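Numbering (UniProt numbering), first residue to last: 1 to 276.
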């Protein structure tokens with residue numbers, strides 16, 4: 001079995017990267033997958049979403065970026081969600097690497113991979129060097145975006161940076177999955193932006209996204225994933241559908257000891273989002 005590593009990334013902030021990371025991790029964990037979250041955003045919000053903070057004096061998500069050759073020994077924390085562990089961020093990290101080894105995360109992750117089916121990396125929007133370190137070990141990239149002109153521009157910027165990185169490091173091409181967030185297709189702006197994304201990147205790189213739902217913010221305020229705080233919210237069903245798409249898109253396998261559960265689908269959302 002091959003562990004899949006997915007970076008959740010975009011050059012633009014405020015697109016829902018952390019929300020996507022936390023809620024996908026909880027969704028996959030609930031299905032029996034063994035999931036590790038790595039919070040590379042110094043804001044540390046993925047950790048807060050699980051009620052976790054880095055412990056003083058112990059390694060954290062940024063330790064390999066600060067110190068060449070260092071690993072994640074002692075950095076992994078359990079969460080209250082079945083199957084989900086997290087390596088919290090160093091909230092004092094300033095975005096500057098302490099070395100020039102772009103493969104530092106790759107090396108630090110290697111000893112941990114046999115214990116997990118899926119690794120999700122929450123990538124900060126503005127630190128290019130950190131983004132490169134996250135992309136190099138990744139099997140694919142999920143790009144959350146808002147459906148507005150600034151969101152569209154952010155996806156385009158990320159796509160250019162992404163391809164430049166792959167060429168520079170002669171890395172194997174990764175798959176992209178563009179996931180619209182806070183969807184409200186009643187507005188012409190969102191419909192037009194969605195159409196431009198489909199035209200520019202192709203329907204094959206679009207996956208189902210998440211509708212606008214105040215329950216998402218309520219769950220984060222309680223430092224819990226949505227499926228624990230508001231399991232019947234429509235956004236919870238949307239994250240389940242997004243997980244289904246990512247399993248197909250990236251071939252995410254499950255360890256033989258895991259037991260996948262059956263999950264309901266949101267038929268209304270599937271009809272409304274025929275672009276998925």
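Here a beta-carbon is modelled for each residue, glycine too, at the ideal position from N, C-alpha and C.
As the structure is a computational prediction, the values presented were derived from the model and not from experiment.
For residue 122, the enclosing beta strand (DSSP E) stretches over residues 118-122.
Ranked by Cα distance from residue 149, the first of 192, 17 and 104 is 192.
Residues 1 of the same chain have their beta carbon placed closer than 6 Å to that of residue 253, with the five preceding and five following residues left out of the count.
In this structure residue 183 touches residue 212 by the C-beta definition: roughly 6 Å separates them, less than 8 Å. Exposure of residue 163 is indicated by the presence of fewer than 16 other C-beta atoms within 10 angstroms of its C-beta. In terms of Cα proximity to residue 141, the closest of 227, 45, 177 and 86 is 177.
Between residue 139 and residue 6, the beta carbon gap of about 6 Å places them in contact (Cβ cut-off 8 Å). Collapsing the DSSP output to three states places residue 182 in coil.
Cβ neighbours of residue 129 within its own chain (closer than 7 Å, five residues either side excluded): 97. Non-local C-beta neighbours of residue 243 in its own chain, meaning closer than 7 Å and more than five positions away in sequence, comprise 24, 27 and 28, ordered along the chain.
Assigned with DSSP and collapsed to three states, residue 240 falls in helix.
Scanning its chain for C-beta atoms nearer than 8 Å, with the 5 sequence neighbours on each side dropped, one finds around residue 95 the residues 42, 124, 126, 127, 129 and 130, in chain order. For residue 146, the enclosing beta strand (DSSP E) stretches over residues 140-146. In the displayed model, residue 176 falls within a strand according to three-state DSSP. Residue pairing by DSSP places residue 46 opposite no residue, since no beta bridge is assigned to it.
Take the alpha-carbon of residue 54 and the one of residue 4: they are about 24 Å apart. The shortest CA-to-CA distance from residue 78 to any of 86, 72 and 71 is the one to 86. Contact between the stretch 116-123 and the stretch 66-76 is absent: fewer than 3 CB-CB pairs across the two stretches fall below 8 Å. Here DSSP, grouped into helix, strand and coil, assigns residue 207 to coil. One alpha carbon belongs to residue 165, the other to residue 133, and they sit about 10 Å apart.
Taking 8 Å as the cut-off, the beta carbon of residue 46 is found closer than this to the beta carbon of residue 39. Shown here, residue 7 sits in a strand according to DSSP, grouped into three states. Judged by DSSP secondary structure, residue 233 falls outside any beta strand (DSSP E); it is assigned neither H nor E.
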